[in-house]
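Quick note: the sequence shown uses this note's numbering, first residue 3, plus one each step.
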Amino acid sequence: MKRRAAPEPDRAGRKPRWLRAQLPSGSRYLRLKGLMREHRLATVCEESHCPNIGECWNAGTA
């Protein structure tokens, strides 16, 4: 009887390290988020759950 190698774990759900976005943080991001909440506003970035929101807001381009 032939032996089979153990099946590899399912990696379909894992994203490559270079594709992953960091969690939003930073002083500009927090200041802008506070301003949006204070005025009860929502942005397209927030509504669409944009993975780049922290990068844009920290750069001051939002």
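C-beta atoms are modelled at their ideal positions from N, C-alpha and C, and glycine is treated no differently.
Enumerate in chain order the residues of its own chain whose CB-to-CB distance from ALA23 is below 7 Å, with the five nearest sequence positions on each side excluded. Cβ within range, chain order: PRO53 and ASN54.
If the criterion is Cβ atoms closer than 8 Å, does the pair GLY62 and PRO26 meet it? Against a cut-off of 8 Å, the Cβ pair of PRO26 and GLY62 comes out as no contact.
Between the CA atoms of TRP20 and LEU34 - distance to the nearest angstrom: Pairing LEU34 with TRP20, the inter-Cα distance amounts to about 27 Å.
What's the gap between the Cα of HIS51 and the Cα of ARG5? The straight-line gap from Cα to Cα measures roughly 47 Å.
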